[in-house]
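Asks: For the working numbering, add 578 to where a residue sits in the sequence shown, where the first one is 1.
Take a look at the following structure, please.
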Amino acid sequence: MGKKITQKPRGTKDIWGEDQKYFKYVQNVFETVAEEAGFGKIETPAFEDTKLFERGVGKETDVGKEMYTFKDKSGNSLTLRPEGTAPVVRAYLENGMQSQPQPVNLYYFSNFFRYERPQAGRYREFWQLGLEVIGDKSPLVDANIIATVSRIYKKLNIKNISIQINSMGCAICRPKYIKILKKYYSGNLNKLCPDCKKRYKTNPLRLLDCKNEKCVVLQAEAPQLINNLCSACHDHFKTVLEYIDELEINYDLNPKIVRGLDYYTGTVFEVWNEKDGAQSSLGGGGRYDGLVELLGGSKTPAVGFGGGVERTMEEMEREGVEFVEKKNVNIFVAQLGSKARKKCFKLLNDLLDAGIGAEARFDKGGIGEQLKVASKLGVEYTLLIGQREAFDGTVIIKDMASGNQEVFPYEKVVKVMTKRLNKPE
Ligand code: AMP
């Protein structure tokens, strides 16, 4: 009997084969859009001092309660990153990015960890693509992030999405609104689900995005923050909307978008897949003018977005989005006989040295078997060396589409292929 195989931890996955094609494609499209818009990539550590997330995310928020926290061998409390914004702000402060021209535009494509109950679209390790603009308070920056996000999904050819927008107000108007909201709910406490009874005390804004049927009924009549914004927040929000109108981006004003994390202020938005609505949000973001200060910096406005990569891939599969994969292997090298095998081995490595993608199967003897592999790989050319070519010092170049065959001296082959495949010499 074989030994038992160790399995991956619950809620994690291997990304390979077909999934890896989607994963790579999403990453390529996202990174190209981000770089073309002037964002620079940042990689931060997969774990941070626990204090960073306790301050930046809050212990009592949904994300704060799901953290993977552990002590290392020196007794330091560390946490696997549950989200990307607090680490990026930490890096901004620690690396002195405040003294660079503002704003600083950063993007990331990283894995995150949350101890959640695994289910469809919800994992314990998952990937997010993210954008952060730190150091600019203009409403145009909010509009520009929304435009960039909209461009990402457009370039991925995802059609069934909608952008849901709201404003969460600021330190002046939000507390006043929360009082109004609590007053509304105070007469209805017995109608709330047990979680919302707690939210009433700890995080009343979250009363607005509970999915429980009873709570949804109460939400319909609840006073809306958008009608209670101070004049600065009102003007800011109005400008954001005017600018995204200018780009003809479709959005819905949605008073229920309140985002789970404590640090959001002003504009907040989510990208939904239209079929599943809030149950499957592809991503979310907004303005977080309070976070830099909360993490020890000077008062600095900022705005960002984080999108789930797995959910994006799942939506692409569901919509049957087709894309052309960048092909890295254009040539198959086939051999017949032991002398030819050695020459083919050299030819294969000469091609790779020249930056031309090529494969061979040295364990397969018959030429028929090897050609089958070549057509399965979908290569443009097969290069053949049989006993005769090995003796003559030549190579047969077979064009797989037309079936044409030509013979070239071995020394010329890499040059000929470089030209035919339009590779830089
Ligand atoms: P959040 O940081 O909670 O605003 O999440 C932003 C996006 O990340 C969500 O809209 C999801 O697409 C994705 N996401 C969050 N948590 C998970 C998870 N546990 N598994 C997979 N994707 C997730």
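Yeah, the Cβ is synthetic: ideal placement off N, Cα and C, and Gly gets one too.
Consult DSSP for F883 and reduce its assignment to one of helix, strand or coil.
Replies: In this structure, F883 counts as strand in the three-state DSSP scheme.
Asks: How about V641 and E710: are their beta carbons less than 8 angstroms apart?
Replies: Result no, Cβ atoms of V641 and E710 do not sit closer than 8 angstroms.
Asks: Contact between the segment 782-795 and the segment 758-773 is defined here as three or more beta-carbon pairs at a separation below 8 angstroms; is this criterion met?
Replies: Contact between the segment 782-795 and the segment 758-773 is present, because at least three Cβ pairs lie under 8 angstroms.
Asks: Got a sec: does ligand 1 put a non-hydrogen atom nearer than 7 angstroms to the Cβ of E892?
Replies: It does not: the Cβ of E892 is nowhere closer than 7 angstroms to a heavy atom of ligand 1.
Asks: Between the segment 938-950 and the segment 907-916, do three or more beta carbon pairs fall short of 8 angstroms?
Replies: Contact holds: three or more Cβ-Cβ distances are below 8 angstroms.
Asks: I'd like to know if the segment 869-882 and the segment 924-933 are in contact, where contact means that at least 3 CB-CB pairs between them fall below 8 angstroms.
Replies: Short answer: they don't touch.
Asks: Please name the residue, chosen from G861, L860, V887, Y841, that lies closest to L869 on a Cα-to-Cα basis.
Replies: With distances taken between Cα atoms, L869 lies closest to Y841.
Asks: So, at 7 angstroms on beta carbons, what are the nonlocal neighbours of L949 in its own chain, with the 5 sequence-adjacent residues on each side left out?
Replies: Cβ neighbours of L949 beyond the five flanking positions: A912, T960.
Asks: Should the segment 644-652 be called in touch with the segment 672-690, which here means at least 3 C-beta pairs below 8 angstroms?
Replies: Touching, no.
Asks: Closest to M633 by C-alpha separation, out of A979, E661, K586, would be which residue?
Replies: Residue identity differs from the one stated: residue 633 is Arg in this sequence, not Met. Looking at the Cα atoms, E661 is the closest of the given residues.
Asks: Got a sec, what are the start and stop residues for the beta strand (DSSP E) V973 sits in?
Replies: First-last of the beta strand (DSSP E) with V973: 972-977.
Asks: What's the gap between the Cα of G875 and the Cα of E613?
Replies: Taking the straight line from one Cα to the other gives about 27 angstroms.
Asks: Using DSSP with H/G/I as helix, E/B as strand and the rest coil, what is E710?
Replies: DSSP places E710 in strand when its eight states are reduced to three.
Asks: Can we count S745 as close to ligand 1, meaning its CB is less than 7 angstroms from some heavy atom?
Replies: No; taking the cut-off as 7 angstroms, the Cβ of S745 has no heavy atom of ligand 1 nearer than that.
Asks: Closer than 7 angstroms to a non-hydrogen atom of ligand 1 - does that hold for the CB of F704?
Replies: Indeed, a heavy atom of ligand 1 lies less than 7 angstroms from the Cβ.
Asks: Here's the rule: buried if 16 or more other CB atoms are within 10 angstroms of the residue's CB, otherwise exposed. What is V795?
Replies: When all chains shown are included, V795 counts as exposed.
Asks: Measure from the alpha carbon of N828 to the alpha carbon of each residue in H814, F847, E958, R588, then state which is nearest.
Replies: N828 has its Cα closest to that of F847, out of H814, F847, E958, R588.
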